[in-house]
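Participant: Mind looking over this structure? Questions follow.
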Amino acid sequence: MDIESELRQAMTDAVGAETATPDLVEGVWRKRRRHRARNRALIAAGAIVVVAATIPTYGALTGDSQESVVSSARCTPEIPSRVLPEWARGGFSEKEPRMPYVLGEHGDIIAILFGSPLSSPPRKDVSNKILWVSRPPLTTSGPLTIKASLPGGTMFTTQVPGGPGPSIIDLPKAGCWHLTLTWSQHTDTMDLLYSSPPS
Amino acid sequence: MNDDRPFEEFVAARGSALLRTALLMCGGSRPDAEDAVQGALEKAYRHWGRVEGDPEPFVRRILVNLLISRARRWKVLREVQMAEPPEQSVPAADDTVVLRDVLIRELYRLPPRQRAVLVLRFWEDLSEAETAAVLGCSVGTVKSQASRGLVRLREAHSAQRIEGKA
Numbered sequence: 000m001d002i003e004s005e006l007r008q009a010m011t012d013a014v015g016a017e018t019a020t021p022d023l024v025e026g027v028w029r030k031r032r033r034h035r036a037r038n039r040a041l042i043a044a045g046a047i048v049v050v051a052a053t054i055p056t057y058g059a060l061t062g063d064s065q066e067s068v069v070s071s072a073r074c075t076p077e078i079p080s081r082v083l084p085e086w087a088r089g090g091f092s093e094k095e096p097r098m099p100y101v102l103g104e105h106g107d108i109i110a111i112l113f114g115s116p117l118s119s120p121p122r123k124d125v126s127n128k129i130l131w132v133s134r135p136p137l138t139t140s141g142p143l144t145i146k147a148s149l150p151g152g153t154m155f156t157t158q159v160p161g162g163p164g165p166s167i168i169d170l171p172k173a174g175c176w177h178l179t180l181t182w183s184q185h186t187d188t189m190d191l192l193y194s195s196p197p198s
Numbered sequence: 000m001n002d003d004r005p006f007e008e009f010v011a012a013r014g015s016a017l018l019r020t021a022l023l024m025c026g027g028s029r030p031d032a033e034d035a036v037q038g039a040l041e042k043a044y045r046h047w048g049r050v051e052g053d054p055e056p057f058v059r060r061i062l063v064n065l066l067i068s069r070a071r072r073w074k075v076l077r078e079v080q081m082a083e084p085p086e087q088s089v090p091a092a093d094d095t096v097v098l099r100d101v102l103i104r105e106l107y108r109l110p111p112r113q114r115a116v117l118v119l120r121f122w123e124d125l126s127e128a129e130t131a132a133v134l135g136c137s138v139g140t141v142k143s144q145a146s147r148g149l150v151r152l153r154e155a156h157s158a159q160r161i162e163g164k165a
């Protein structure tokens with residue numbers, strides 16, 4: 000048998016008996032509802048931006064700054080997908096890739112969350128995959144060291160060999176973890192929420 | 000009258016076929032395949048009223064391109080997944096089953112676009128021109144991608160045959 004025929008047969012053996020679940024269309028409607036909700040949220044966020052932009056003294060009057068807006072988004076249960084900063088787009092095929100991400104407080108490192116929401120203990124179907132990208136160029140090839148702490152005092156340290164890059168970061172407890180990240184003579188911090196997976 | 004009825008009938012009739020294509024495209028992971036099919040159908044639904052004739056080529060084009068895009072996005076994490084311990088090999092029923100298993104595993108290792116070409120050509124039985132239309136590339140690209148993909152499968156197949164005889 001030639002390779003094309005062998006391949007056809009192999010594909011039939013592998014998936015020929017698979018059938019879609021009867022609630023496939025329900026899954027489509029669920030996605031549709033999420034898409035609409037996301038669009039509504041984007042429109043609402045856009046409206047807020049427009050209103051804020053028309054009140055130039057808003058920040059001065061309230062003492063708010065862009066940093067405090069970022070801070071308020073920390074450890075929120077759902078981190079929305081947003082266009083990645085330009086320096087963090089290496090390896091993505093899209094021109095403006097959208098992913099859930101958290102930026103370090105100094106803006107020197109980004110955690111791109113492939114396994115969002117992060118869970119402790121990890122979920123069975125999705126692992127806690129995080130892609131770390133450093134904004135400053137790497138000068139040494141050491142690991143990325145992550146020192147994580149919870150407000151109650153729980154500490155946990157782990158490393159990503161080779162420095163910022165793909166990783167699976169499982170933390171021992173659910174909660175709002177404060178991370179101190181050290182790599183290639185740089186340090187930054189960020190907060191990451193690990194939720195308990197639904198039982 | 001339910002306006003969604005034609006869409007729901009299409010999903011009921013063609014959902015399994017789309018799922019099989021998605022499974023081959025995304026390395027056999029059923030949760031990923033189902034999610035991709037639902038995502039493609041949701042995108043297609045937004046334009047359903049404007050689709051003329053058979054909607055399947057339209058949906059398939061969305062599905063295949065969505066899967067290629069996802070595969071590339073996840074590529075950055077592939078080395079982590081490969082760092083997991085390899086599965087234990089199990090004794091196979093016969094040589095033919097082993098050889099076909101080798102072909103499927105090698106198919107899953109091909110670059111996403113090359114894999115898409117082989118799935119569309121040899122699973123969906125699309126012509127080179129139809130495959131090029133789905134992927135938005137030239138017929139020449141389809142030919143070269145198919146040729147390269149088949150070379151890799153042939154090499155894996157031959158290596159397994161030699162190993163089986165040794």
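Residue numbers (numbering that gives the first Met the number 0), protein chains in the order written: chain A, 0 to 198; chain B, 0 to 165. Note that beta-carbon positions come from the ideal geometry of N, C-alpha and C, so glycine has one too. Just so it is clear, the structure is predicted and the values come from calculations on it, not from any experiment.
Flag S15 of chain B as yes if its beta-carbon sits less than 8 Å from any beta-carbon of chain A, otherwise no.
Facilitator: Taking Cβ atoms only, chain A reaches closer than 8 Å to S15 of chain B, which makes this a yes.
Participant: Out of B:L98, B:A131, B:Y107, state which residue places its alpha-carbon closest to the alpha-carbon of D1 of chain A.
Facilitator: Looking at the Cα atoms, B:L98 is the closest of the given residues.
Participant: Determine, using beta carbons only, whether H156 of chain B comes closer than 8 Å to chain A.
Facilitator: Yes, H156 of chain B lies at the interface with chain A (some Cβ there is under 8 Å from its Cβ).
Participant: Please report how far the alpha carbon of R33 of chain A lies from the alpha carbon of A39 of chain B, in whole angstroms.
Facilitator: Those two C-alpha atoms are separated by around 14 Å.
Participant: Classify W86 of chain A as buried or exposed, calling it buried when 16 or more other Cβ atoms lie within 10 Å of its own Cβ.
Facilitator: By the neighbour-count rule (16 or more Cβ atoms within 10 Å), W86 of chain A is not buried but exposed.
Participant: In whole angstroms, what separates the C-alpha of P171 of chain A from that of Q184 of chain A?
Facilitator: Computed Cα separation, rounded: 27 Å.
Participant: Using the Cα positions of L102 of chain B and S126 of chain A, report the straight-line distance between them to the nearest angstrom.
Facilitator: Cα to Cα, L102 of chain B sits roughly 28 Å from S126 of chain A.
Participant: Hey, S119 of chain A and D169 of chain A: beta-carbon distance below 8 Å or not?
Facilitator: In this structure, D169 of chain A lies closer than 8 Å to S119 of chain A by Cβ.
Participant: Flag S88 of chain B as yes if its beta-carbon sits less than 8 Å from any beta-carbon of chain A, otherwise no.
Facilitator: Residue placement at S88 of chain B cannot be trusted, given a pLDDT of 49 that sits under 50; what the coordinates show is reported in the next sentence. No, its Cβ sits nowhere closer than 8 Å to a Cβ of chain A.
Participant: Which partner residues does Q158 of chain A have in the DSSP bridge list?
Facilitator: Looking at the DSSP assignment, Q158 of chain A forms a beta bridge with A:T144.
Participant: Is DSSP giving I111 of chain A helix, strand or coil here?
Facilitator: Strand.
Participant: Who pairs with T186 of chain A in a beta bridge, going by DSSP?
Facilitator: Bridge partners of T186 of chain A: A:T181.
Participant: Just to check my reading of the structure: P99 of chain A and I78 of chain A have Cβ atoms closer than 8 Å, yes? What is that Cβ distance to the nearest angstrom?
Facilitator: That belief holds up - the Cβ atoms of P99 of chain A and I78 of chain A are roughly 4 Å apart, short of 8 Å.
Participant: Give a yes or no on whether the minimum CB-CB distance between Q37 of chain B and chain A is below 8 Å.
Facilitator: Yes, its Cβ sits closer than 8 Å to a Cβ of chain A.
Participant: Counting only the same chain and skipping the five closest in sequence on each side, list residues whose C-beta sits under 7 Å from that of E104 of chain A.
Facilitator: Excluding positions up to five away in sequence, the list reads D187, T188, M189.
Participant: Check whether the segment 10 to 24 of chain A and the segment 19 to 35 of chain B are in contact - that is, three or more C-beta pairs closer than 8 Å.
Facilitator: Yes, the segment 10 to 24 of chain A is in contact with the segment 19 to 35 of chain B.
Participant: Determine the direct distance from the alpha carbon of L65 of chain B to that of R9 of chain B, and round the result to whole angstroms.
Facilitator: Sequence inspection shows Phe at residue 9 of chain B; the Arg mentioned does not correspond to that position. The alpha-carbon atoms of F9 of chain B and L65 of chain B are separated by roughly 19 Å.
Participant: Could you tell me if V96 of chain B is buried or exposed, where buried requires 16 or more neighbouring beta carbons within 10 angstroms of its beta carbon?
Facilitator: Classification for V96 of chain B: exposed.
Participant: Along the chain, where does the alpha helix (DSSP H) containing V125 of chain A start, and where does it finish?
Facilitator: Careful: V125 of chain A lies outside any alpha helix (DSSP H) and carries neither H nor E.
Participant: Taking 8 Å as the threshold, find out whether the segment 141 to 152 of chain B comes into contact with the segment 113 to 120 of chain B through three or more Cβ pairs.
Facilitator: They touch, by the three-pair rule.
Participant: Which same chain residues, not among the five before or five after M154 of chain A, have their C-beta less than 6 Å away from its C-beta?
Facilitator: The answer, listed in chain order, is S148.
Participant: T75 of chain A and L192 of chain A look like a contact to me (Cβ under 8 Å); what is the Cβ gap, rounded to whole Å?
Facilitator: Contact holds; Cβ gap of about 7 Å.
Participant: Is the CB of I161 of chain B under 8 Å away from at least one CB in chain A?
Facilitator: No, I161 of chain B does not count as interfacial toward chain A.
Participant: By the criterion of Cβ-Cβ separation under 9 Å, what are the contact partners of S126 of chain B in chain A?
Facilitator: Correct list: empty, because the minimum Cβ distance to chain A is about 14 Å.
Participant: If we call anything under 8 Å between Cβ atoms a contact, is E25 of chain A one with H156 of chain B?
Facilitator: Their beta carbons are not under 8 Å apart, which means E25 of chain A does not touch H156 of chain B by this criterion.
Participant: How would you label V69 of chain A, buried or exposed, when you count the other beta carbons within 10 angstroms and need 16 or more for buried?
Facilitator: In this prediction, V69 of chain A has a pLDDT of 35, which is less than 50 and means its spatial position is unreliable; what the coordinates show is noted afterwards. Label assigned to V69 of chain A: exposed.
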